[in-house]
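A.B. asks: Count the sequence shown with the UniProt record's numbering and you get residues 1 to 233, in order. Heads up, the beta-carbon is just placed ideally off N, CA and C, and yes, glycines get one too. If you're wondering where the values come from, they're calculated on a predicted model, not measured in any experiment.
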Amino acid sequence: MTVCEVRSPTEDERRFHLSGGLQRFVVMELAFSEGKLGGHLWDGGILMTAWAMSVKELENERVLELGSGVGLLGISLASRAASVVLSDFDANEVEPSDAERLVPTRLLANLKENVDRNGVKNAEVWHIDWYDSLAGKEPREQFRRLVAADVVYYSADVPALAAAIGAHLCPKGVGFIFVPRRQWRGPLAAERASAEDLAAALADYGTVEVHELLGYCCTLEETPVALIRIQRT
């Protein structure tokens with residue numbers, strides 16, 4: 001499946017055509033002050049959107065997306081899945097102990113607006129904080145299918161992400177995670193996580209496979225991308 005971005009009237013609006021123009025999606029981005037890392041549409045999300053639209057294992061399933069950000073993947077996937085739950089977190093539902101984290105202020109509100117903007121009727125938006133799963137909080141629901149795109153960034157967050165994936169997949173459920181293999185440089189490179197870090201953390205929750213793909217999208221032109229597949233035990 002090919003995803004084509006088309007010209008938008010404003011810098012914060014992103015427009016995409018799929019299926020040769022037969023499907024169109026629009027998402028609004030946020031300033032960093034409002035959305036933090038989730039307010040920007042990362043190229044890994046565009047890549048996974050193209051991939052997910054032709055994957056049989058996601059067709060007619062109820063799918064959870066973790067770390068939805070602005071929602072392109074989940075919104076587009078709703079056209080093939082039975083239903084989709086898009087999820088992220090923001091300042092309205094965090095604890096005082098989260099003060100040192102990068103907490104967005106309008107991420108969930110913007111995510112809901114993007115779902116409505118595209119007229120999607122079989123999608124919901126939930127607050128899911130990965131760190132709740134790490135603390136042992138029971139999930140609201142478990143899913144047979146789960147997706148996440150370009151969510152591997154800080155090494156410190158990997159255990160929480162793995163715990164959230166493990167908690168929200170039902171037994172024998174399958175999750176797919178896209179991790180672009182970016183070459184981090186500079187003084188903060190040591191804080192960045194890799195696909196191998198996540199795969200190792202997920203091994204406690206099920207059978208993990210790492211497949212290598214090649215990305216062709218904006219900043220990820222000819223960039224290796226790891227597709228992590230986990231089947232929950």
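In whole angstroms, give me the CA-to-CA distance for L161 and V70.
C.D. replies: One C-alpha to the other measures close to 18 angstroms.
A.B. asks: Looking at the secondary structure, which residues open and close the beta strand (DSSP E) in which V151 lies?
C.D. replies: Careful: V151 lies outside any beta strand (DSSP E) and carries neither H nor E.
A.B. asks: Straight-line CA distance for Q231 to P9?
C.D. replies: Q231 and P9: Cα-Cα distance of roughly 42 angstroms.
A.B. asks: Leaving out five residues on either side along the sequence, give the residues of the same chain with a beta carbon under 6 angstroms from the beta carbon of R192.
C.D. replies: So the qualifying residues of the chain are W184.
A.B. asks: For the candidate residues P187, S68 and P180, whose alpha-carbon lies nearest to that of L198?
C.D. replies: When each option's Cα is compared against that of L198, the closest is P180.
A.B. asks: Keeping to the same chain, check which residues put their C-beta closer than 8 angstroms to that of E34; ignore five residues upstream and five downstream.
C.D. replies: For E34, where only same-chain residues beyond five positions count, the Cβ hits under 8 angstroms are P104, T105, R106, L107 and N110.
A.B. asks: Quick check on E61: buried or exposed, where buried means 16 or more other Cβ atoms within 10 Å of its Cβ?
C.D. replies: The residue is buried, with at least 16 neighbouring Cβ atoms inside 10 Å.
A.B. asks: Nearest-angstrom Cα distance between G175 and A163?
C.D. replies: For G175 and A163, the distance between alpha carbons rounds to 13 angstroms.
A.B. asks: Nearest by alpha-carbon distance to I46: which of E59, V84 and V26 is it?
C.D. replies: Checking every option, the nearest Cα to that of I46 belongs to V26.
A.B. asks: Could you give the DSSP three-state label for E222: helix, strand or coil?
C.D. replies: Note: E222 maps to coil in three-state DSSP.
A.B. asks: Between the C-alpha atoms of Y154 and L134, what's the straight-line distance to the nearest angstrom?
C.D. replies: Cα to Cα, Y154 sits roughly 16 angstroms from L134.
A.B. asks: Between L37 and L22, what straight-line distance do the alpha-carbon atoms span, to the nearest angstrom?
C.D. replies: Approximately 30 angstroms, taken between the alpha carbons.
A.B. asks: Using only alpha-carbon positions, find the residue among G67, T2 and T233 that is nearest to D204.
C.D. replies: With distances taken between Cα atoms, D204 lies closest to T233.
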